[in-house]
Structures are given as C-alpha cells and as structure tokens.
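Numbering-wise, this note's numbering comes out as the position in the sequence shown, counting from 1, plus 36.
Glycine residues also receive a C-beta, built at the ideal position from the N, C-alpha and C atoms.
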Amino acid sequence: MSNSAYDIGRIVVKTKGREAGKYAVIVDVIDKNYLLIDGLKVRRRRVNYNHVEPTTEVINLEKGADHTAVEAAIKQAKKTKKMNETISIPIK
C-alpha cells in the first residue's frame, strides 16, 4: 500500500492507547492495516493506521531503521523538542 500520508519517515501522533498524544515516526509499512512506529517517548511497536494521525512533517529515515538510527534522524532534523512534547487528544 503506497499512501503518501503514511510514508516511511513521516511524523505521526498516536491517537489511541496509553501513548495517545505522543509523536512517533513511521519506520515501516507492514501491510494494508499496520505500521511500525518508533519515537523518543513511544516504544517501537506495530500500530493500526486508525490509531495514528499523520502530520505534514517528514524526516529522512531508511526502511526498518533501528531505534538508534531513529533517534539520530530526529536529532539531525532538529525535531527533538517536538518529539518530546505531548499534545491533548480530545475525547470523542
């Protein structure tokens, strides 16, 4: 599935679960339903497309990058402050 809103390196916000409101980066597209994400405040994990909201920001990252590479890419893109923030997710 090639959807530009969910490309590798895209910064997303988790909208569900205990990490809701935290920023992460797409590391891999697993299949039509799932992504692999990782971040500074988010554990590396498989998530459903419906549980993340893409942002307009993209960082340079290789497919399947490990946690160290993700941290380095975030630092290089000067997104460390943003990735450490938590936003409020309204309850629907």
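Kindly indicate which three-state DSSP category asparagine 84 falls into: helix, strand or coil? strand
Hey, out of Leu76, Ile47, Gly57, whose CA is closest to aspartate 64's CA? Ile47
What does the Cβ neighbour count give for lysine 99, buried or exposed, with the cut at 16 atoms within 10 Å? exposed
Taking the C-alpha atoms as reference points, what is the distance between lysine 118 and alanine 109? Distance between the alpha carbons of lysine 118 and alanine 109: 13 Å.
In terms of alpha-carbon separation, which member of Gly53, Asn86, Tyr85, Ser40 lies closest to arginine 79? Comparing Cα positions, the closest option is Gly53.
Under the DSSP definition of a beta bridge, which residues are partnered with isoleucine 130? There is simply no residue 130 to check, as the chain begins at 37 and stops at 128 in what is shown.
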